[in-house]
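In what follows, a structure is listed as structure tokens, so that the remarks can point back to it.
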Amino acid sequence: MRTDELHVAVVGAGIAGLTLAAALSRAGIRCQVFEQTRHLGEVGAGIQIAPNASRILHRLGLAPHLRRTAVRPAAIEMRRWDDNQLIMRTPLGEECERLYEAPYYTIHRADLHQGLLELLPEGIVHLGLRCVGVEEKPDEVVLHFEGGPTATADVVVGADGIHSVVRDALVADEPRFSGQIIYRGLIPADRVSFLPEEPRVVLWLGPEQHCVCYPVSSGRLVSFGATTPGSDWRVESWSAEGRVEDLVAAYTGWNDQITRLLHAPDAVRRWALHDRDAVERWSRGRITIIGDAAHPMLPFMAQGANQAIEDAAVLAACLRGVTSDGVAAALQRYAEIRKPRTAEIQRISRENNRTLHLPDGDRQQQRDQALRGNSGLRDQEWLYGYDAESAVIR
Ligand SMILES: Cc1cc2nc3c(=O)[nH]c(=O)nc-3n(C[C@H](O)[C@H](O)[C@H](O)COP(=O)(O)OP(=O)(O)OC[C@H]3O[C@@H](n4cnc5c(N)ncnc54)[C@H](O)[C@@H]3O)c2cc1C
1 MRTDELHVAV
11 VGAGIAGLTL
21 AAALSRAGIR
31 CQVFEQTRHL
41 GEVGAGIQIA
51 PNASRILHRL
61 GLAPHLRRTA
71 VRPAAIEMRR
81 WDDNQLIMRT
91 PLGEECERLY
101 EAPYYTIHRA
111 DLHQGLLELL
121 PEGIVHLGLR
131 CVGVEEKPDE
141 VVLHFEGGPT
151 ATADVVVGAD
161 GIHSVVRDAL
171 VADEPRFSGQ
181 IIYRGLIPAD
191 RVSFLPEEPR
201 VVLWLGPEQH
211 CVCYPVSSGR
221 LVSFGATTPG
231 SDWRVESWSA
241 EGRVEDLVAA
251 YTGWNDQITR
261 LLHAPDAVRR
271 WALHDRDAVE
281 RWSRGRITII
291 GDAAHPMLPF
301 MAQGANQAIE
311 DAAVLAACLR
321 GVTSDGVAAA
331 LQRYAEIRKP
341 RTAEIQRISR
351 ENNRTLHLPD
361 GDRQQQRDQA
371 LRGNSGLRDQ
381 EWLYGYDAES
391 AVIR
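Counting in full-length UniProt numbering, the sequence shown runs from 1 upward without gaps.
Written out as structure tokens, the structure reads:
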């Protein structure tokens, strides 16, 4: 079989699935994407894209779209919950681009999704097809969809998120509730003009919870996420509604900027935060997983989508030049490259659930001291300086 005849089926048209489809198309590999929803249109609020992912998106041709729709924040700031005092400031902007040769962006999820869709050849995304199982045969994989339709491919990639059906074919585990719920929303920027004019990512850290905000949509909107310790409510859905008054009540006593920020949205959505443990098995034969299907992580490093984008670049590079007989080895190679890095980021994200939410006291003061003492952007070399495609060549 010739390389250009390899046929890949991707389950899920989220950030992972669409980035993979774009990377495969760029590598000259045929692919089809099967998505359960009938209408594409990513919901949710903002997302942070760091240089480790933006360099990949730029190579895929997304730089003009990102320049048009995203924001390049000047810095990330961590501040205290009660008096808004600065704990740490990490400069981004030009310094980030000089050090890592790629920008740090904040972007509306819908804008990123739309940009990725525009990179794809016509007719490769199929909507309204919910995968209910995958069946491996010696020379191909059969995908089964709800209601009876089937499709076949040389390779099947599960990009179907934290509740992945494809993962179920490889691993027996369940998502784990983190104990945190996050409220998210978007606010017209002119309604929160009391925030500093300089675009920046601000995190306010306090006992048991934190709040983050940053501009998106070329600065027209401000996206925020505010965690609160969870109750029995466990729903993961961008469309689950929350009540502004519950959010405001959960942040009673926090500083004036947060209070005013959280009063400003017309509506909020809430999401119960789950992850899973890192696992050994990502692939079997012709089947593999990427993104949240492979390594769902808490958003406390803002890296879930960034890691999905890295996965996509590595998987496409591993499949480049491969024939049908070489698929299993290529998928194993992909998994071996990706597992250690994503497991470490999953671990730190989980650890941050504790360290970002310490009550005031000795441990919180030690944490703040350590944050003040770090060397800013240079400390992020291992994360932002990583070039996923070079990792394949190595
Ligand atoms: C509050 C919050 C804030 C976050 N902030 C950041 C951030 O700033 N930076 C960052 O990098 N990450 C962030 N993340 C993480 C990021 O959102 C996820 O890691 C990312 O969206 C995962 O993308 P995915 O494509 O793997 O999965 P998903 O986005 O879940 O997409 C999966 C797709 O598969 C489809 N699907 C599911 N099952 C099936 C099926 N059986 N058949 C067919 N289709 C199916 C779904 O409809 C969906 O379209 C955040 C997450 C949360 C919850």
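Even glycine gets a Cβ: it sits at the ideal position worked out from N, Cα and C.
- According to the DSSP assignment, ILE393 belongs to the alpha helix (DSSP H) that extends over 388 to 393.
- In the structure shown, the three-state DSSP call for TYR384 is helix.
- In the DSSP assignment, GLY179 falls within the unbroken beta strand (DSSP E) covering 176 to 188.
- Residue environment analysis places ARG333 among the buried positions, since at least 16 neighbouring C-beta atoms fall within 10 angstroms of its C-beta.
- Listed in chain order, the alpha helix (DSSP H) elements of length 4 or more contained wholly in the stretch 51 to 107 are 51 to 59, 63 to 69 and 93 to 100.
- Judged by DSSP secondary structure, LEU315 falls within the alpha helix (DSSP H) whose first and last residues are 304 to 319.
- About 6 Å separates the CB atoms of ARG176 and ASP275; that is less than 8 Å, so the two are in contact.
- Around the Cβ of LEU127, a 10 Å sphere holds fewer than 16 other Cβ atoms; the residue is exposed.
- Non-local C-beta neighbours of PRO207 in its own chain, meaning closer than 6 Å and more than five positions away in sequence, comprise PRO359, ordered along the chain.
- When the beta-carbon positions are compared, ARG72 and TYR105 come within less than 8 Å of each other.
- With distances taken between CA atoms, ARG269 lies nearest to GLU241 out of ASP292, VAL279, GLN85 and GLU241.
- For GLN346, the number of other beta carbons within 10 angstroms of its own is at least 16, and it is reported as buried.
- Residue environment for PHE300: buried (at least 16 other C-beta atoms within 10 angstroms of its C-beta).
- If you check the C-beta of GLU35 against ligand 1, you find a heavy atom less than 7 Å away.
- Of all alpha-carbon atoms in SER283, TRP282, THR259 and VAL244, the one lying nearest the alpha-carbon of ALA267 is that of VAL244.
- DSSP, reduced to helix, strand and coil, places ILE15 within a helical segment of the structure shown.
- Contact annotation: VAL166 and ARG286 have beta-carbon atoms that are not nearer than 8 Å.
- By a beta-carbon distance limit of 8 Å, ILE182 contacts TRP271. Their separation comes to about 5 Å.
- The beta-carbon separation of ALA74 and LEU92, rounded to 6 Å, stays under the 8 Å limit for a contact.
- Here GLY230 is near GLY179, since their CB atoms are less than 8 Å apart.
- With a cut-off of 8 Å on Cβ pairs, the stretch 34 to 44 is not in contact with the stretch 372 to 384, counting fewer than three such pairs.
- Non-local C-beta neighbours of ALA317 in its own chain, meaning closer than 6 Å and more than five positions away in sequence, comprise GLU389 and VAL392, ordered along the chain.
- Taking all protein chains in view, the Cβ of GLU197 is surrounded by fewer than 16 other Cβ atoms within 10 Å, so the residue is classified as exposed.
- With 16 or more other CB atoms across the displayed protein chains lying within 10 angstroms of its CB, THR288 is buried.
- For PRO229, the enclosing beta strand (DSSP E) covers residues 221 to 229.
- Taking VAL156 as reference, the option from ALA313, GLY12 and TYR386 with the minimal CA-CA separation is GLY12.
- Scanning GLY28, GLU77, ALA159 and ASP139 for the CA closest to the CA of ALA9 turns up ALA159.
- When C-beta atoms of the stretch 81 to 89 are compared with those of the stretch 14 to 25, fewer than three pairs fall below 8 Å, so the two segments do not count as touching.
- Going by beta carbons, ILE124 and GLN32 fall inside the 8 Å limit.
- Rounded to whole angstroms, the separation of the alpha carbons of GLN380 and GLY361 is 27 Å.
- Straight through space, the alpha carbons of GLU77 and LEU143 are spaced by roughly 46 Å.
- The alpha carbon of VAL192 has as its nearest neighbour, out of LEU205, ARG220, VAL171 and ARG184, the alpha carbon of ARG220.
- Between ASP256 and ILE290, the gap from beta carbon to beta carbon reaches 8 Å or more.
- Straight through space, the alpha carbons of ALA330 and VAL314 are spaced by roughly 10 Å.
- Between the alpha carbons of LEU117 and GLN369 lies a distance of about 44 Å.
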